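Student: Please find one structure pasted underneath; my questions will follow.
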Amino acid sequence: MVNVLVVGAGGREHALSWKLSTSEKIDQVYAAPGNGGTLQNVELSVTDIEGLAKFAQEKNCFTVVGPEDPLATGIVDAFVEKGLPIFGPTKNAAKLESSKIWAKEFMKRNSIPTADFEIFDDAQKAKDFVKSYEKPVVIKADGLAAGKGVIVCKNKDEANDAIDTILIKKSFGDAGSKIIIEERIDGVEASYIALCDGKIGIPMATSQDHKRVFDNDEGPNTGGMGAYSPTPIIDEKLGTEIQEKIIDKTIHAMRDEGFEFKGFLYAGIMIKDGIPYVLEYNVRMGDPECQPILMRLDSDLYDYLHASYEGKLNELPEISWKNQYSVCVVLASKGYPSSYPTGDEITGFENISSDAFVFHAGTKKQDDKIKSNGGRVLGVTALGSSLQDAINNAYDACNHIHWTNKYHRTDIGKKGLSNL
Ligand code: AMP
Ligand code: GLY
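Be aware that the sequence shown starts at 1, since it is given in full-length UniProt numbering, and climbs by one per residue.
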């Protein structure tokens, strides 16, 4: 029996902890720092690499890293150096997410389909380019900016404002010392996530996130307001094309360039006229995509994560998924993604039926009560025999949960229904 340490505090990490705890091979599942839903929390921050390593060593843990920050900081390199087993990519491999410029240039030199782009560090040159460019643009800060460093521009004025925000006002600090200006591709978006061991990548179930805060994809971008799996937007043919032209190619090219990619490789895909383009890579599971994906997983997650670490995914049987749909509705604090209140008591957990599960994200336990403690608070996730069934079950469960400043979208999964 081994113990597992899950690094992170979000809904994704609660889902990873929950699924790993069902493995017969695992004794204890710890979460650092965890949230109000994870059962055995360790008070260490996700970037306290020395502290996490010490804990993992003392408790004989296999460590599973949820978010990008510790990966970009080099947690995997540090653990490997100490001989501690850990799931996730090294700092160099994590550049696929931590530097958008590095990722774009990597895609360009390896002919991986992505939007055309130019790079700038000078605001005037960037504005001159926008003036002369005939297509609509998206402006991106190079580094990690908690999902906020991407500005999808409706017109040239917005593009000029975005350039000022990032390069002149330095709103994203050093993460914005360089920008990418790329062609805006107007299509449908989906998430394609593969589990990689440096040599191969096996596809996870497909999913689709809902990034805007309001119904009908309006309002500002968020970390994700809900997701469902599988998505009819990626049929078998398109799935094979994404796997071959994007995932396999990425893993092989990374290996050729000297960076073995182990961990979850997440390609944010835009599909236009049947052609998939990579909008971004993430080097981790999506949040909230992780919640509906893991709800459908029948195989033992630990076996697969450990085989990724060992470079032996080819030795495992085909991964098995429930032949059902699942939907995760994010319950957020009113005001998210800007400012929002926290500290509200949340009630109603006891009324959730067995086909649904409430993953915690921004919550904390205080005097045996669960209180809101973040923007995205809970991920109410349910299975169903059809997508409509899963949507109904998820929203039924949402209606049982109460707190003063609860907010959620009412149309999670609807985009999938219109594509069935
Ligand atoms: P990213 O963090 O790079 O995935 O960007 C955040 C969001 O911005 C994406 O989920 C898309 O909705 C949008 N986006 C990014 N790049 C583009 C693009 N080239 N064309 C259209 N929308 C984009
Ligand atoms: N749901 C999008 C992300 O995890 O980046």
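Where is the CB? At the ideal position from N, CA and C, for every residue including glycine.
Nothing here was measured: the structure is a model prediction, and the numbers come from that model.
Please determine, among VAL329, SER386 and ASN373, the residue with the shortest C-alpha to C-alpha distance to VAL358.
Tutor: As a working mapping, residue 358 is identified with position 358 in the sequence shown. Minimum Cα distance to VAL358 is reached at VAL329.
Student: Report yes if the C-beta of GLY286 is less than 7 angstroms from at least one heavy atom of the ligand GLY; otherwise report no.
Tutor: Numbered from 1 along the sequence shown, position 286 holds the residue referred to as residue 286. Because some heavy atom of the ligand GLY lies under 7 angstroms away, the Cβ of GLY286 counts as near it: yes.
Student: If you follow the alpha helix (DSSP H) that TYR133 is part of, which residue opens it and which one closes it?
Tutor: In the sequence shown, the residue the question calls residue 133 occupies position 133. Run containing TYR133: none; DSSP gives neither H nor E here.
Student: Where do the N-terminal and C-terminal ends of the alpha helix (DSSP H) with TYR340 fall, by residue?
Tutor: Locating residue 340 in the sequence shown gives position 340, counting from the first residue. Run containing TYR340: none; DSSP gives neither H nor E here.
Student: So, does the region 177-184 touch the region 193-200, judging by three or more C-beta pairs under 8 angstroms?
Tutor: Result no; under three Cβ-Cβ pairs closer than 8 angstroms.
Student: Around the C-beta of ILE168, are 16 or more other C-beta atoms found within 10 angstroms, so that it is buried, or is it exposed?
Tutor: Here residue 168 corresponds to residue number 168 of the sequence shown, with the count starting at 1. By the neighbour-count rule (16 or more Cβ atoms within 10 Å), ILE168 is not buried but exposed.
Student: Just the C-alpha distance for LEU387 and GLY34, rounded to the nearest angstrom, thanks.
Tutor: Position 387 of the sequence shown, counted from the first residue, corresponds to residue 387. Position 34 of the sequence shown, counted from the first residue, corresponds to residue 34. Distance between the alpha carbons of LEU387 and GLY34 is about 30 angstroms.
Student: Please confirm whether any heavy atom of the ligand AMP lies closer than 7 angstroms to the CB of ASN221.
Tutor: Taking the first residue of the sequence shown as 1, we reach residue 221 at position 221. Correct: ASN221 has its Cβ closer than 7 angstroms to the ligand AMP.
Student: Which residues does DSSP list as the beta-bridge partners of ALA227?
Tutor: Indexing the sequence shown from 1 puts residue 227 at position 227. In the DSSP output, where bridge partners are listed per residue, ALA227 has ASP209 and CYS328.
Student: Thinking just about the alpha-carbon of each residue, which of GLY384, GLY268 and ASN351 is nearest to the one in HIS402?
Tutor: As a first step, residue 402 is located in the sequence shown; it is residue number 402 there, counting from the start. Nearest option by C-alpha distance: ASN351.
Student: Do the region 330-347 and the region 292-301 make contact, defined as three or more Cβ pairs closer than 8 angstroms?
Tutor: Not touching, per the Cβ criterion.
Student: Among the candidates VAL46, SER21 and LYS371, whose CA atom is the shortest distance from the CA of ASP69?
Tutor: Position 69 of the sequence shown, counted from the first residue, corresponds to residue 69. Closest option to ASP69, Cα to Cα, is VAL46.
Student: Suppose you measure from the CA of PRO113 to the CA of GLU244; what does that come to, to the nearest Å?
Tutor: Your numbering for residue 113 matches position 113 in the sequence shown. Your numbering for residue 244 matches position 244 in the sequence shown. Looking at the two C-alpha atoms, the distance is approximately 12 angstroms.
Student: So, are the CB atoms of VAL64 and LEU16 less than 8 angstroms apart?
Tutor: Taking the sequence shown and counting its residues from 1, one reaches residue 64 at position 64. Taking the sequence shown and counting its residues from 1, one reaches residue 16 at position 16. Yes. Within cutoff.
Student: Among all the DSSP beta bridges, which residues are the ones paired with LEU265?
Tutor: In the sequence shown, residue 265 corresponds to position 265, counting from 1. DSSP lists ALA194 as partners of LEU265.
Student: Check this for me: beta carbons of GLY343 and SER372, under 8 angstroms apart or not?
Tutor: Residue numbering aside, residue 343 sits at position 343 when the sequence shown is read from its first letter. Residue numbering aside, residue 372 sits at position 372 when the sequence shown is read from its first letter. Yes, the Cβ-Cβ distance between GLY343 and SER372 is below 8 angstroms.
Student: Can at least three beta-carbon pairs, one atom from the region 270-286 and one from the region 214-222, be found at a separation below 8 angstroms?
Tutor: No, because fewer than three Cβ pairs between the region 270-286 and the region 214-222 fall closer than 8 angstroms, the two stretches do not touch.
Student: So, using beta-carbon positions, are SER320 and GLY375 closer together than 8 angstroms?
Tutor: Counting from 1 along the sequence shown, the entry for residue 320 is found at position 320. Counting from 1 along the sequence shown, the entry for residue 375 is found at position 375. Cβ distance not < 8 angstroms, so SER320 and GLY375 don't count as in contact.
Student: State the Cα-Cα distance for the pair GLY286 and TYR266, rounded to the nearest angstrom.
Tutor: On the sequence shown, position 286 is the one that residue 286 refers to. On the sequence shown, position 266 is the one that residue 266 refers to. Approximately 7 angstroms, taken between the alpha carbons.
Student: Please go through the same chain and pick out, in chain order, the residues whose beta-carbon is closer than 8 angstroms to the beta-carbon of LYS303, but skip the five residues on each side of it.
Tutor: Translated into positions along the sequence shown, residue 303 becomes position 303. For the record, residue 303 in the displayed sequence is Asp; it is not Lys. Cβ neighbours of ASP303 beyond the five flanking positions: SER23, LYS25 and LEU316.
Student: Within a Cβ cutoff of 7 angstroms, which residues of the same chain sit near SER99, ignoring the five residues on either side of it in sequence?
Tutor: For the purposes of this step, residue 99 is identified with residue 99 of the sequence shown, where counting begins at 1. Same-chain partners within the cutoff: ASP142 and GLY143.
Student: Run through DSSP, which three-state label would GLN366 get?
Tutor: As a first step, residue 366 must be located in the sequence shown, where it is residue number 366. Here GLN366 sits in strand by DSSP.
Student: Leaving out five residues before and five after THR410 in sequence, what residues of the same chain have Cβ atoms less than 8 angstroms from its Cβ?
Tutor: Within the sequence shown, residue 410 is the residue found at index 410, counting from 1. Contacts found: ASP215 and TYR395.
Student: Excluding sequence positions up to five away, which residues of its chain have a Cβ less than 6 angstroms from the Cβ of GLU345?
Tutor: Here residue 345 refers to the residue found at position 345 of the sequence shown. For GLU345, where only same-chain residues beyond five positions count, the Cβ hits under 6 angstroms are LYS369 and LYS371.
Student: Check whether the Cβ of ASP123 lies closer than 7 angstroms to any heavy atom of the ligand AMP, and answer yes or no.
Tutor: If you number the sequence shown from 1, residue 123 lands on position 123. The question names Asp, yet the displayed sequence has Ala at residue 123. Checking every heavy atom of the ligand AMP against the Cβ of ALA123, none is found closer than 7 angstroms.
Student: Relative to the alpha-carbon of ASP273, which residue among ALA31, GLN40, MET254 and ILE233 has its alpha-carbon at the smallest distance?
Tutor: One-based indexing of the sequence shown puts residue 273 at position 273. Per the Cα distances, ILE233.
Student: Rounded to whole angstroms, what is the Cα-Cα separation between ASN314 and GLY187?
Tutor: Start at 1 with the first residue of the sequence shown, and residue 314 comes out as number 314. Start at 1 with the first residue of the sequence shown, and residue 187 comes out as number 187. When rounded, the distance between both Cα atoms is 34 angstroms.
Student: So is ILE275 buried or exposed if we call it buried at 16+ other beta carbons inside 10 Å?
Tutor: Here residue 275 is taken as the residue at index 275 of the sequence shown, counted from 1. Under this definition ILE275 is an exposed residue.
Student: Less than 7 angstroms separating the Cβ of MET270 from some heavy atom of the ligand AMP?
Tutor: Mapped onto the sequence shown, residue 270 falls at position 270. Yes - the ligand AMP has a heavy atom lying nearer than 7 angstroms to the Cβ of MET270.
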